[in-house]
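K.L.:
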Amino acid sequence: MSGTTWPVRRLRTSLAAAAVSAAVVVTCAAAPAQAAQQDKLREGGVAQALWNFAVSPEAVPGANDWSCRPSAEHPNPVVMLPGTFFNIGADFVKAAPRLKNNGYCVFAMNYGFTSASFGRVGGLGHNRDSAAQLDAFVARVQQATGAAKVDIVGHSLGSSVSMWWMKKMDGADKVAHYVGWAPSSHGTDLNGIVRLADSLNAMGFVTGLSEVAQFPGVLEQADTSDYTRELWADGDTVPEGPEYTVVMTEHDKVITPYATQALKGDDVTNIVLQDMCPDDKAGHMGLFNDDPTLQLTMNALADGPDDFKPVCEGYGMPLL
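In the working numbering, the protein residues as written are 17 to 336.
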């Protein structure tokens, strides 16, 4: 009796021990994976952007970790600038976490705040002053990270301020990649409103009003403004050095005609979003949460293939 029972007991004990060991191995292997998953930042959407606009205008998950050190794979810190009326908390709720999750050091700055901004509405001050703020910010990023160059991602006016810095303040030498979302670099006729105001000799009055009301940076984006004319006075091509990518949408109702957003020069790629994703109805503002726009941005920053095609899903807001 005991001769048959003992082997059975040993077998059961061995099987139990093996099961415990396997469970330990699985648990130990799963723990780092779960921890890594938990460390991933959640990408925000429209609701989070609205909340951040009011509550967190100066901060967004993934950006401005001043202890971040660039990796060999992503040696250039990414500096992000929001568009007019936006702030970093709202404009980059999707982009900043994605870049951070993919190993980039990400930095974002507000600019052009005036007394009319109420600490939330950016891009109101003179654009030349905003470019000087960018210059100081990039210097701080380079000092903190030790990076020789940065990558620039700008939305609307954020792209124009960056262009002034690169063209007029020798900033191009410090930039590896420039990505503009619906850039206002060449100004806008605002669907003909600027032309109408010019014909009525009203632009001078409106410009003067913008100075008193503390929003001159808005009017400086007119395609007839002194700022826009001076930006391209020395030629209509971009400075050599950086690689340029522009993402524009046919549904833009702010920077019009939308085709004027295109840049000229060496290493320039101009992309009309609907050439990639015909069903994408994202407007000027909607590029901030448009997934194809973010995919194109990531490809540009990573020196991805020239024939890259984004997955056509997760479209941005069809707004303006």
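Ideal Cβ positions, reconstructed from N, Cα and C, are used throughout, including at glycine.
This one's a predicted model, so the numbers in the text were calculated from it and none came from an experiment.
For a test of the three-state rule: what should DSSP assign to Glu259, helix, strand or coil?
P.N.:
strand
K.L.:
When you compare the CB positions of Leu9 and Thr100, do they come within less than 8 angstroms of one another, or not?
P.N.:
For the chain, the structure presents residues 17 to 336; residue 9 sits outside this window and is missing.
K.L.:
Can you tell which of Thr285, Asn286, Met301 and Asp306 has the C-alpha that lies nearest to the C-alpha of Asp295?
P.N.:
Asp306
K.L.:
Cβ atoms of Ala160 and Arg313: under 8 angstroms apart, would you say?
P.N.:
Reading off the sequence, residue 313 comes out as Thr, not Arg. Going by C-beta atoms, Thr313 is not nearer than 8 angstroms to Ala160.
K.L.:
Which residues in the same chain have their Cβ closer than 7 angstroms to the Cβ of Glu89, if we skip the five residues on either side of it in sequence?
P.N.:
Hits under 7 angstroms: Gly119.
K.L.:
Is DSSP giving Thr20 helix, strand or coil here?
P.N.:
Residue confidence for Thr20 is low, a pLDDT of 42 falling below 50, so the modelled location carries little weight; the figure read from the coordinates is stated next. Here Thr20 sits in helix by DSSP.
K.L.:
Hey, how far is the Cα of Ser87 from the Cα of Glu256?
P.N.:
25 angstroms
K.L.:
Which same chain residues end up closer than 6 angstroms to Phe153 when comparing Cβ atoms and leaving out the 5 residues on each side of it in sequence?
P.N.:
Met125
K.L.:
Going by DSSP, name the residue or residues bridged to Trp197.
P.N.:
His171 and Val263
K.L.:
Would Ser201 and Met179 be called neighbours here (beta carbons separated by less than 8 angstroms)?
P.N.:
yes
K.L.:
For Leu336, which of Leu317, Val270 and Ile104 has the nearest alpha-carbon?
P.N.:
Val270
K.L.:
Straight-line CA distance for Asn80 to Lys116?
P.N.:
10 angstroms
K.L.:
Could you say which of Ala238, Gly299 and Thr309 lies nearest to Val263 if we only look at CA atoms?
P.N.:
Thr309
K.L.:
If I'm right that Leu140 touches Gln237 with Cβ under 8 angstroms, what's the distance once you round it to whole angstroms?
P.N.:
At roughly 11 angstroms, the Cβ-Cβ gap does not stay under 8 angstroms, so Leu140 and Gln237 are not in contact.
K.L.:
Would you kindly work out how many angstroms separate the C-alpha atoms of Ala52 and Tyr331, rounded to a whole number?
P.N.:
Confidence at Ala52 is low in this model, with a pLDDT of 46, below 50, so its placement is unreliable and no value can be given for it.
K.L.:
Flag this pair as yes or no: are the beta carbons of Leu191 and Pro258 separated by less than 8 angstroms?
P.N.:
In the sequence on display, residue 191 carries Val and not Leu. Taking 8 angstroms as the Cβ cut-off, Val191 and Pro258 qualify as a contacting pair.
K.L.:
Excluding the 5 residues preceding and the 5 following Val41 in the sequence, name in chain order all residues of the same chain whose CB lies nearer than 8 angstroms to its CB.
P.N.:
Reliability fails at Val41, whose pLDDT of 37 lies under 50, so the model's placement of it is uncertain and no value is given.
K.L.:
What first and last residue would you give for the alpha helix (DSSP H) that runs through Asn68?
P.N.:
Here the alpha helix (DSSP H) through Asn68 covers Val62 to Val71.
K.L.:
Considering only DSSP beta bridges, list what Phe123 is partnered with.
P.N.:
Phe123 pairs with Val95.
K.L.:
Rounded to a whole number of angstroms, what is the C-alpha to C-alpha distance between Glu329 and Ala275?
P.N.:
24 angstroms
K.L.:
Excluding five sequence neighbours on each side, which residues of the same chain lie with their C-beta closer than 8 angstroms to the C-beta of Arg136?
P.N.:
If we look at Arg136 and ignore the five residues flanking it on each side, its Cβ neighbours are Phe69, Ala70, Pro73 and Asn103.
K.L.:
What is the DSSP secondary structure of Ala238, reduced to helix, strand or coil?
P.N.:
strand
K.L.:
Please list the terminal residues of the continuous alpha helix (DSSP H) segment that includes Val154.
P.N.:
In the DSSP annotation of this structure, the continuous segment of the alpha helix (DSSP H) that includes Val154 starts and ends at Asn143 to Thr161.
K.L.:
In whole angstroms, give me the CA-to-CA distance for Asp322 and Thr240.
P.N.:
34 angstroms
K.L.:
Between the alpha carbons of Gly138 and Ala132, how many angstroms are there, rounded?
P.N.:
Each residue's CA atom was taken as its position, placing Gly138 and Ala132 some 9 angstroms apart.
K.L.:
By Cβ distance, which residues of its chain are closer than 6 angstroms to Pro337, with the 5 residues on each side in sequence left out?
P.N.:
The structure shown has nothing for residue 337, since the chain only spans 17 to 336.
K.L.:
When the Cα of Asn315 is compared with those of Ala75, Gly302, Tyr260 and Ala278, which residue comes out closest?
P.N.:
Tyr260
K.L.:
Would you check if the distance between the CB atom of Leu303 and the CB atom of Asp167 is smaller than 8 angstroms?
P.N.:
no
K.L.:
With burial defined as no fewer than 16 other Cβ atoms inside 10 Å of the residue's Cβ, what is the status of Pro273: buried or exposed?
P.N.:
When all chains shown are included, Pro273 counts as exposed.
K.L.:
Applying the criterion that 16 or more other CB atoms from any shown protein chain within 10 Å of the CB defines a buried residue, is Ser83 buried or exposed?
P.N.:
Under this definition Ser83 is an exposed residue.
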